[in-house]
Amino acid sequence: MNIAIDARPIADDITGSGRYVLKLIEGLRDFNLRDRRFSVTALYNKEPVHRVSGISTEVLVSNNRFKWEQFVLPKFLNAHDFDLYHATWNYGIPFFYKGTTVLTVLDVIPLKWPPYFLSKKILTLPEYLFSLYNALIKANKIISISKTSTNDVVSVYPFARKKITTIPLAVDIPVLPPHAHSPIPKPYIVYLGGVDKRKNIDGVIRAYANSKTKETHDLVIVGRNAQYYWPLINKLSLGEKVHLPGFVSEEEKFTILKDAACLVYPSFYEGFGIPVLEAMAVGTPVITSNTSSLPEVAGDCALLVNPHSEAEISTAIDKIVSSLEFSDELRGKGFMRLNSFSWERMIEDTITVYKGVAV
1 MNIAIDARPI
11 ADDITGSGRY
21 VLKLIEGLRD
31 FNLRDRRFSV
41 TALYNKEPVH
51 RVSGISTEVL
61 VSNNRFKWEQ
71 FVLPKFLNAH
81 DFDLYHATWN
91 YGIPFFYKGT
101 TVLTVLDVIP
111 LKWPPYFLSK
121 KILTLPEYLF
131 SLYNALIKAN
141 KIISISKTST
151 NDVVSVYPFA
161 RKKITTIPLA
171 VDIPVLPPHA
181 HSPIPKPYIV
191 YLGGVDKRKN
201 IDGVIRAYAN
211 SKTKETHDLV
221 IVGRNAQYYW
231 PLINKLSLGE
241 KVHLPGFVSE
251 EEKFTILKDA
261 ACLVYPSFYE
271 GFGIPVLEAM
281 AVGTPVITSN
291 TSSLPEVAGD
301 CALLVNPHSE
311 AEISTAIDKI
321 VSSLEFSDEL
331 RGKGFMRLNS
341 FSWERMIEDT
351 ITVYKGVAV
């Protein structure tokens, strides 16, 4: 089976969607080493920072997302004999391409949480609606990464119900160097993830400012462009208590998580929420939202809060920090929770989807 995969999410520094695409491509490569049934070609729109060894790579240069998806990509696909094209992040299926396609929908955040457009400005609403609708219509099969995302897609586009399946993400348990420690002095609590209004970072900062934990623990906010929050931090007189290390390496990320008293992740909306599992993988207690996919990912292994209630977030922070017994309980539950998620299972289920549609 000759497969082309949209690898644009790993062209730059790898974040949540990029982690999925990287594990997908690596998993297909490793499966092929055992099975010898697949040929995988990763497609980029520019020279990538991350090339996956052992697979073919094609760089189809274009700085315009819409032009790449609707003109550059189909020209390449039609010139090659691919059995299947996998669009890996919500859209990316060419309108005029008639080949077999699989679409992964990570979320429909702009439809379920409209302020996204004001904070990100990646696409105009008409562009997004066209790209998503076209991809959902043309896809032979749709993969969703959580039951929440599946339900959200079907609630807006009922026609997708018959061809959508849920395949959850996972997380690797990191192997850190002996005596690896965070570059930030303990004790502290941490937020880790993307930086935009949907993530509720301002709510984290205000909740921390109103917590008793402020007197004993610092706050670390990990993510590119977190300096956007300095005005709020200074307004609340937290300048000496808050650390903004920016975008960090994988090793730094996990050492910062490992040494934190807890992860505070009260996002308003997530298609999956992989930082929750990353914290559990290093034994860090988790506070996260009782909305969207986050309860589905966390189960009863995290402290769930209303993300719109800063008082509730503050109380949760204080509860974890003040109770070693409760923290240890969440650590144990978190390790057990990881057994519910597996990259190997994700690959196997995705291959089953491929076999079901490829001709």
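If you count the sequence shown from 1, position 11 lands on 11 in full-length UniProt numbering, and the numbers rise without skipping. All residues carry an ideal CB built from backbone N, CA and C; glycine is no exception. None of the values given here were measured: they were computed from a predicted structure.
As a quick exercise: from the options, pick the residue whose alpha carbon is nearest that of residue i.
i      : options                        : result
Ala311 : Pro266, Ser182, Ile109         : Pro266
Val52  : Ser211, Ala11, Ile320, Pro177  : Ala11
Val321 : Pro178, Val286, Val305         : Val286
Tyr208 : Leu111, His243, Ile313         : Ile313
Ile351 : Arg29, Ile205, Asp6            : Arg29
Tyr191 : Pro74, Trp68, Leu263, Thr41    : Leu263
Arg198 : Asn290, Phe268, Ile55          : Phe268
Asn151 : Thr57, Ser292, Lys355, Ala170  : Ser292
Phe38  : Lys253, Ile3, Val154           : Ile3
Glu251 : Pro74, Gly332, Val21, His179   : His179
Ser289 : Gln227, Val204, Leu232         : Val204
Ile143 : Val21, Pro126, Leu324          : Val21
Leu176 : Lys253, Ala261, Lys333         : Lys253
Ala274 : Pro231, Glu215, Ser323, Ile145 : At residue 274 the sequence reads Ile, which differs from the Ala that was named. Of the candidates Pro231, Glu215, Ser323, Ile145, the one whose C-alpha sits nearest the C-alpha of Ile274 is Ile145.
Phe66  : Lys23, Phe130, Asp81, Ile14    : Phe130
Ile173 : Ser155, Met280, Phe159, Val154 : Met280
Ile14  : Ser155, Gly332, Ser249         : Ser249
Rounded C-beta distance between residue i and residue j? I'm assuming under 8 Å.
i      : j      : result
Ala87  : Thr104 : 7 Å
Asn45  : Arg19  : About 19 Å; that fails the 8 Å criterion.
Pro110 : Tyr97  : Going by Cβ atoms, the distance from Pro110 to Tyr97 rounds to 24 Å, so no, they are not a contact pair.
Thr213 : Ile347 : Actually they do not touch by this definition, with Cβ atoms about 40 Å apart.
Val276 : Ala302 : 7 Å
Gly356 : Lys141 : 7 Å
Ile167 : Asp349 : 5 Å
Using C-beta distances below 6 Å, list every residue in its chain close to residue i, excluding the 5 sequence neighbours before and after it, in chain order.
i      : result
Val49  : Asp12
Asp107 : Ser149, Gly271
Leu330 : Pro285
Ser62  : Asn45, Trp68, Val72
Val195 : Gly223, Asn225, Ala226
Ser211 : Ser314, Ile317, Asp318
Asn32  : Phe38
Thr57  : Ala42, Arg51
Lys23  : Trp343
Lys333 : Cys301
Going by the CB atoms, is the gap between residue j and residue i shorter than 9 Å?
i      : j      : result
Leu132 : Asn64  : no
His308 : Asp259 : no
Phe247 : Gly16  : no
Ile201 : Tyr157 : no
Ser342 : Ala170 : yes
Gly193 : Gly239 : no
Glu344 : Gly27  : yes
Ile256 : Pro245 : yes
Only counting the same chain, and skipping five residues up and downstream in sequence, which positions put a Cβ closer than 8 Å to that of residue i?
i      : result
Ala358 : Met1, Asp83, Leu84, Thr100
His243 : Ile184, Tyr188, Asp218, Leu219, Val220, Ile221
Leu60  : Leu43, Tyr44, Asn45, Trp68, Val72, Leu73, Phe76
Leu236 : Ile205, Arg206, Ala209
Val353 : Val102, Lys141, Ile143, Thr165, Ile167
Thr216 : Pro187, Val321
Val154 : Ala160, Arg161, Ile164
Can you list, in chain order, the residues of its chain whose CB lies under 7 Å from that of residue i, leaving out five sequence neighbours each side?
i           : result
Phe95       : Gln70, Asn134
Ile93       : Ala87, Thr101, Leu103, Asn134, Ala135, Lys138, Ala139
Ile25       : Ile5, Ala7, Val40, Ala42, Val52, Ile55
residue 372 : Any question about residue 372 goes unanswered here, given that the chain covers just 1 to 359.
Trp113      : Arg198, Phe268, Tyr269
Val305      : Pro266, Ile287, Ser289, Asn290, Glu312, Ile313, Ala316
Lys241      : Lys214, Asp218, Leu219
Leu324      : none
Glu47       : Val59
Using 8 Å as the cut-off, classify the Cβ of residue i as near or not near the heavy atoms of the ligand GTP, replying yes or no.
i      : result
Gly299 : In the structure shown, the ligand GTP is absent, as is every other ligand, since no ligand is present at all.
Any beta carbon of chain D sitting closer than 9 Å to that of residue i?
i     : result
Val21 : Protein chains in the displayed structure number just one, and chain D is not present.
Decide yes or no for the touch test of the segment 327–346 against the segment 280–299: beta carbon pairs closer than 8 Å, at least 3 of them. Segments in contact, yes.
Taking 8 Å as the cut-off, does the segment 157–176 touch the segment 130–147 (at least 3 CB pairs, one atom from each stretch)? Contact between the segment 130–147 and the segment 157–176 is present, because at least three Cβ pairs lie under 8 Å.
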